[in-house]
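Visitor:
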């Protein structure tokens with residue numbers, strides 16, 4: 170695993186850093202997430218993905234830019250957040266449930282601001298090996314997906330963690346399209362195919378505040394698993410077609 174050390178220091182001030190936080194009914198955690206981000210973050214965009222609680226109002230009261238996206242879907246919320254960004258250099262994606270530690274954002278952006286990577290993935294390491302942070306099904310699913318990517322594309326990932334940083338110009342060139350659970354793996358596959366410089370860094374991961382919309386329900390867990398596998402298969406087919414010089418339909 171590529172380890173990225175903290176200490177961007179002055180380099181951060183020379184880069185505009187934006188954070189996108191997709192949020193769905195996260196009134197219990199959104200203030201903690203926003204409050205833990207360091208002062209050097211230039212822009213925070215919270216995408217309210219159809220919340221029925223006070224998520225939107227709490228975030229608005231903290232002075233961040235809140236964008237409504239009433240049609241639910243993680244990828245859709247991320248795309249809406251991207252469209253709402255000011256001119257920026259680095260985009261960080263961070264969940265609203267406080268499972269990742271926002272204070273570790275310096276570790277996430279470090280390689281991008283130092284121009285040694287275009288994409289940095291946070292590899293989730295459960296705090297004190299907390300069993301509720303990553304369920305056995307999540308661990309197994311992550312392992313299977315990462316091994317499939319290695320087998321098909323030859324790049325070894327260790328996680329599909331949502332806490333990640335990417336150079337804005339690289340993100341724009343990826344042409345992201347997924348509207349829901351396939352967002353993270355679409356980005357990671359396209360990053361390989363686009364020859365982006367990819368790094369990983371271990372980040373602390375803890376039990377989320379509130380119930381997960383994915384791992385907290387059988388329907389969410391199965392839906393995410395099926396979408397991830399379908400995304401891998403779709404891009405594997407496109408990759409095969411491209412290698413054979415056949416124009417896809």
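Residue numbers (this note's numbering): 170 to 418.
Where is the CB? At the ideal position from N, CA and C, for every residue including glycine.
Among residues of its own chain, excluding the 5 on either side of residue 352, which ones have a beta-carbon nearer than 6 Å to its beta-carbon?
Guide: Same-chain partners within the cutoff: 243, 244, 247.
Visitor: Would you call the segment 390–397 and the segment 337–350 in contact, with 3 or more CB pairs under 8 Å?
Guide: With the cut-off at 8 Å, the segment 390–397 and the segment 337–350 touch.
Visitor: What are the complete beta strand (DSSP E) segments, minimum 3 residues, inside the segment 197–268?
Guide: Counting whole runs of 3 or more residues, the segment 197–268 contains the beta strand (DSSP E) stretches 212–217, 234–237, 259–262.
Visitor: When DSSP labels each residue in this structure, what does residue 280 get in the three-state scheme?
Guide: Note: residue 280 maps to helix in three-state DSSP.
Visitor: Quick check on DSSP: helix, strand or coil for residue 336?
Guide: If DSSP states are grouped into helix, strand and coil, residue 336 belongs with the strands.
Visitor: Give the C-beta separation of residue 215 and residue 335 to the nearest angstrom, bearing in mind that I take them to be a contact with Cβ-Cβ under 8 Å.
Guide: Going by Cβ atoms, the distance from residue 215 to residue 335 rounds to 19 Å, so no, they are not a contact pair.
Visitor: So, is residue 385 buried or exposed, given that buried needs 16 or more other C-beta atoms within 10 angstroms?
Guide: Note on residue 385: pLDDT 48, under 50, position unreliable in the model; the coordinate value appears next. Counting Cβ neighbours within 10 Å, residue 385 comes out exposed, since fewer than 16 surround it.
Visitor: On the three-state DSSP scale, how would you describe residue 405?
Guide: In this structure, residue 405 counts as helix in the three-state DSSP scheme.
Visitor: Considering only residues of the same chain and omitting the five flanking positions on each side of residue 272, which have a CB-CB separation below 6 Å?
Guide: Excluding positions up to five away in sequence, the list reads 205.
Visitor: Quick one: what's got a C-beta closer than 7 Å to residue 331's C-beta in the same chain, skipping five residues either side?
Guide: The answer, listed in chain order, is 262, 264, 353.
Visitor: In chain order, what are the residue ranges of uninterrupted alpha helix (DSSP H) at least 4 long that sit wholly in the segment 338–372?
Guide: If we require 4 residues or more, the alpha helix (DSSP H) runs fully inside the segment 338–372 come out as 352–362.
Visitor: Quick one: what does DSSP say residue 190 is sitting in, helix, strand or coil?
Guide: Strand at residue 190.
Visitor: Looking at residue 321: is its Cβ nearer than 8 Å to the Cβ of residue 374?
Guide: Going by C-beta atoms, residue 321 is not nearer than 8 Å to residue 374.
Visitor: Between the alpha carbons of residue 207 and residue 406, how many angstroms are there, rounded?
Guide: Roughly 42 Å separates the two Cα atoms.
Visitor: Between the segment 181–198 and the segment 217–237, do three or more beta carbon pairs fall short of 8 Å?
Guide: Yes, since at least three Cβ pairs between the segment 181–198 and the segment 217–237 fall closer than 8 Å, the two stretches touch.
Visitor: Please name the residue, chosen from 279, 227, 237, that lies closest to residue 210 on a Cα-to-Cα basis.
Guide: With distances taken between Cα atoms, residue 210 lies closest to 279.
Visitor: If contacts are defined as beta-carbon pairs under 8 Å, then residue 213 and residue 188 qualify, I think. What distance do you get, rounded to the angstrom?
Guide: At roughly 5 Å, the Cβ-Cβ gap stays under 8 Å, so residue 213 and residue 188 are in contact.
Visitor: CA-CA distance, residue 304 and residue 286?
Guide: Near 30 Å, if we compare the C-alpha coordinates of residue 286 and residue 304.
Visitor: To the nearest angstrom, report how far apart residue 404 and residue 314 are at their CA atoms.
Guide: Approximately 13 Å between the Cα atoms of the pair.
Visitor: At the 8 Å Cβ level, is residue 232 part of the contact set with chain D, yes or no?
Guide: Among the chains in the structure shown there is no chain D, since it carries only a single protein chain.
Visitor: Going by other Cβ atoms of all chains shown within 10 Å of its Cβ, with 16 needed for buried, is residue 191 buried or exposed?
Guide: When all chains shown are included, residue 191 counts as buried.
Visitor: According to DSSP, is residue 305 part of a helix, a strand, or is it coil?
Guide: If DSSP states are grouped into helix, strand and coil, residue 305 belongs with the helices.
Visitor: Ignore the nearest five residues each way along the sequence and tell me which others in residue 231's own chain have a CB closer than 6 Å to its CB.
Guide: If we look at residue 231 and ignore the five residues flanking it on each side, its Cβ neighbours are 203.
Visitor: Got a sec? Which residues, its chain only, sit under 7 Å from residue 378 by beta carbon, not counting five neighbours each side?
Guide: Cβ within range, chain order: 197, 198, 266, 267.
Visitor: In angstroms, rounded to a whole number, what distance separates the CA positions of residue 371 and residue 240?
Guide: In a straight line, the C-alpha of residue 371 is about 32 Å away from that of residue 240.
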